[in-house]
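Residue numbers (the numbering used here): 228 to 458.
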């Protein structure tokens, strides 16, 4: 029940006990850059109905939060859970083909995170070959995968809105003009807020990242992708 007087009166009329709604969980969400020499990939995919038409998109960024490439691919007649798998495998394949073998993938799909973490290969036959290739590729690279709330994945959401008018695959080598403000917000570490009622994953803290990637200085001046300046 909603926490309102009208609902309470209706329940009393039928001599029923109510179950008040839980208070929402509100937490801050901040996009974090990867360590030097790592590439961070934020992926997202949606469908208008299930099955339905929409597409998927991914963004590659370096330790300074600069975009080093992003893509949008339209799709037809796929299920919602399938498109989440497709975008993850496509992003990893892009990274593999471009010689990037230290990948930090973030997805707003807990399903994808669980499958990649466990290297699980049993997926629908339509995407089985691409998924098995993906599992092989991440087994040969340094790879980490984490869940991220949509509020921390706003650049991918901006690409999603832009993709609604596209009917062909699109690739940008640098920051697209329509999402440059959101990229700048991530660079500055601006905070977004998640509001929900379910259980939430533990946040990734700075000391946790040091354990995963090793220590790095705040300027990101050590090695790897640092010398790839923003265009």
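We put the CB at the ideal spot given by N, CA and C, even for glycine.
Below 9 Å between beta carbons: does that hold for residue i and residue j?
i: residue 314; j: residue 272; result: yes
i: residue 303; j: residue 382; result: no
i: residue 371; j: residue 330; result: yes
i: residue 308; j: residue 287; result: no
i: residue 247; j: residue 292; result: no
i: residue 376; j: residue 338; result: no
i: residue 342; j: residue 332; result: no
i: residue 419; j: residue 378; result: yes
i: residue 368; j: residue 323; result: yes
i: residue 327; j: residue 266; result: yes
i: residue 290; j: residue 262; result: yes
So what does residue i bridge to, in DSSP terms?
i: residue 335; result: None; residue 335 has no bridge partner.
i: residue 369; result: 329
i: residue 255; result: 420
i: residue 402; result: Residue 402 is not bridged to any residue.
i: residue 374; result: 334
i: residue 268; result: 287, 332
i: residue 387; result: Answer by DSSP bridge pairing: none, since residue 387 is not bridged.
i: residue 179; result: Given a span of 228 to 458 for the chain in the structure shown, any question on residue 179 remains unanswerable.
Roughly how many angstroms separate the alpha carbons of residue i and residue j, rounded to a whole number?
i: residue 393; j: residue 403; result: 15 Å
i: residue 350; j: residue 241; result: 47 Å
i: residue 423; j: residue 256; result: 13 Å
i: residue 373; j: residue 358; result: 18 Å
i: residue 348; j: residue 317; result: 15 Å
i: residue 311; j: residue 239; result: 45 Å
i: residue 405; j: residue 385; result: 8 Å
i: residue 411; j: residue 233; result: 46 Å
i: residue 388; j: residue 243; result: 45 Å
i: residue 282; j: residue 305; result: 9 Å
i: residue 345; j: residue 334; result: 15 Å
i: residue 413; j: residue 258; result: 6 Å
i: residue 380; j: residue 236; result: 41 Å
i: residue 325; j: residue 295; result: 11 Å
i: residue 356; j: residue 264; result: 29 Å
i: residue 284; j: residue 251; result: 30 Å
i: residue 360; j: residue 366; result: 10 Å
i: residue 340; j: residue 249; result: 27 Å
i: residue 336; j: residue 408; result: 25 Å
With a cut-off of 9 Å, does the C-beta of residue i fall near any C-beta of chain B?
i: residue 367; result: No chain B appears in this structure, which consists of one protein chain only.
To test your reading of the DSSP string, which unbroken alpha helix (DSSP H) runs of 4 or more residues are found completely within the region 274-316?
You should have found no qualifying run.
For the 8 Å Cβ check, are there 3 or more pairs between the region 294-302 and the region 395-412?
In this structure the region 294-302 lies against the region 395-412, because at least three pairs of beta carbons, one per stretch, are closer than 8 Å.
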